[in-house]
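Protein chains in written order, with our numbering: chain A, 25 to 165; chain B, 5 to 93; chain C, 1013 to 1175. All C-beta atoms, glycine included, are put in the ideal place defined by N, C-alpha and C. Just below is one structure, and these are the notes that go with it.
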């Protein structure tokens, strides 16, 4: 019985290591930042996730000490990965993407929120290092 | 059995950290470097958890939880600094 | 009365659960302290949480979480395959625009997060009037198919949960 458990835990560790490696390999291989974002946000999360599940099973079944800590880290990573990807994409687009040439139109009257804010035309060129940073109004929903 | 898997995992995550380090040094944009640091934090969590399994102690979970939190907060702070020129508005 | 002392019942439950996970072993004292935290923190911070989404469709929430978890698994395999076996110059990566039908801001946040975690797509930006979402695809030979997929698979379910 414990042999089967060892095989399952080892397989989870190997899968986790493999996906962590693939995600970071994508970071090196892919050509520009927008494509590079895909590697770490997906592959790395599953990689770390399965290593954490392996650790939970290991302490629970082979060491007889029930731990459920790892679930907290897994949930935290799953919740924060999209947010980091979103802020990194916005930070990149602000400097390196032209909203007229590189991005498709929104299909509505207003532009993308990183470049255009409602009621603040030509906000992009405003100095952002001053004491009063350009604040974007939250759209009324 | 688990020891071999652990060694494989250490190798993979170590290599992944080297890849991240390469991206951190090579750039070319600031956002690339921020992404590299964020991925490094996630890989560091994996490394710490693997080490915890290897030592058969659950002492290291607090460490990995703290690394996860600081990694997230620092990434958002970096990006906010790029976006707005200020972190706390 | 109840609204004053329990402004966010779900937040109370989540805070207690997180406290129990942090303690990592069950004891009555830890549960009582967790409940205490779960009641005191929402009362103190209720000024920062003005609105709260009314969720009644709990079956829809469970179904949505299961669908998304399965899609995350599939997404990982697909993206790993694309990274390993496809030459970078043969990747058909592009931006697509997803027009939104959903209007609640919690729903849009959940949709953007889901899109980032699922196959080959990262949500990048929201239009200033919150009517469309900018999504970057790693490999999308058929952009319209990606948009239809997102709308039928995730947005329809989220609409049922939040509206």
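The C-beta separation of residue 94/A from residue 76/B comes to about 17 Å, leaving the pair out of contact by the 8 Å criterion. Of the candidates 64/A, 118/A, 90/A and 112/A, the residue whose Cα lies closest to the Cα of residue 1037/C is 90/A. Residue 1151/C carries a coil assignment under DSSP once its states are collapsed to helix, strand and coil.
For the stretch 54-70 of chain B, the residues whose beta carbon sits under 8 Å from a beta carbon of chain A are, in order, 54, 56, 57, 60, 62, 65, 68 and 69. The continuous alpha helix (DSSP H) containing residue 1028/C extends over residues 1021-1035.
Ranked by how close their Cα comes to the Cα of residue 1088/C, the residues 1097/C, 1060/C, 1132/C and 1115/C have 1132/C in first place.
Looking at 1018/C, 1048/C and 1020/C, the one whose alpha-carbon comes closest to that of residue 1031/C is 1048/C.
Interface annotation for the stretch 1146-1171 of chain C against chain A: 1146, 1148 and 1150, criterion Cβ-Cβ distance under 8 Å. Relative to the Cα of residue 105/A, the nearest Cα in the group 45/B, 53/B, 56/B and 62/B belongs to 45/B. CA-CA distance, residue 1121/C to residue 30/A, rounds to 40 Å. Look at the beta carbons and you see the stretch 71-87 of chain B not touching the stretch 56-65 of chain A: under three pairs across the two are nearer than 8 Å.
For residue 1060/C, no CB of chain A lies under 7 Å from its own CB, so it is not counted at the interface with that chain.
Residues of the same chain with a CB within less than 6 Å of the CB of residue 48/B, apart from the 5 flanking positions on each side, are 71 in chain order. At least one C-beta of chain A is nearer than 7 Å to the C-beta of residue 1095/C. In the three-state reduction of the DSSP assignment, residue 12/B falls in the helix class, which pools H, G and I. For residue 1109/C, same chain residues with a beta-carbon under 8 Å away, outside a window of 5 residues either side, are 1144, 1145, 1146, 1147 and 1159 in chain order. Taking all protein chains shown into account, residue 27/A has fewer than 16 neighbouring C-beta atoms within 10 Å of its C-beta and is therefore exposed. The contact set of residue 104/A on chain B, defined by CB atoms closer than 7 Å, consists of 76 in chain order. Annotated three-state conformation of residue 1106/C is strand, per DSSP. Flagged as an interface residue toward chain C: residue 113/A, by a C-beta distance shorter than 7 Å. Taking 7 Å as the threshold, the shortest C-beta distance from residue 1100/C to chain A falls below it. Sixteen is the threshold: since fewer than 16 other Cβ atoms of the shown chains lie within 10 Å of the Cβ of residue 1086/C, the residue is exposed. Only 43, 46, 49, 50, 53, 54, 55, 58, 59, 61 and 62 from the stretch 43-62 of chain A bring a Cβ to less than 7 Å from some Cβ of chain C. Within the DSSP secondary-structure output, residue 1055/C pairs in no beta bridge. Residues of the stretch 67-96 of chain A with a C-beta atom less than 8 Å from some C-beta of chain C are 67, 69, 70, 90, 91, 92, 93, 95 and 96, listed in chain order. Under the 7 Å criterion on CB atoms, residue 1107/C is classed as interfacial with respect to chain A. For residue 138/A, there is no enclosing beta strand (DSSP E), since its DSSP letter is neither H nor E. Here residue 114/A is buried. Its C-beta has 16 or more other C-beta atoms within 10 Å.
Residue environment analysis places residue 1080/C among the buried positions, since at least 16 neighbouring C-beta atoms fall within 10 angstroms of its C-beta.
Using beta-carbon distances, residue 1079/C does not count as an interface residue toward chain A, since no partner is under 7 Å. The C-beta of residue 27/B comes closer than 7 Å to at least one C-beta of chain A. Judged by their CB atoms, residue 1153/C and residue 1104/C are nearer to each other than the 7 Å cut-off. Look at residue 1135/C here: in three-state DSSP terms it is strand. Out of 1151/C, 1050/C, 1137/C and 1097/C, the CA that lies nearest to the CA of residue 117/A is found in 1137/C. Only residues of its own chain outside the window of five on either side were considered, and among them 54 have a CB closer than 6 Å to the CB of residue 13/B, listed in chain order. The DSSP-derived three-state label of residue 1146/C is strand.
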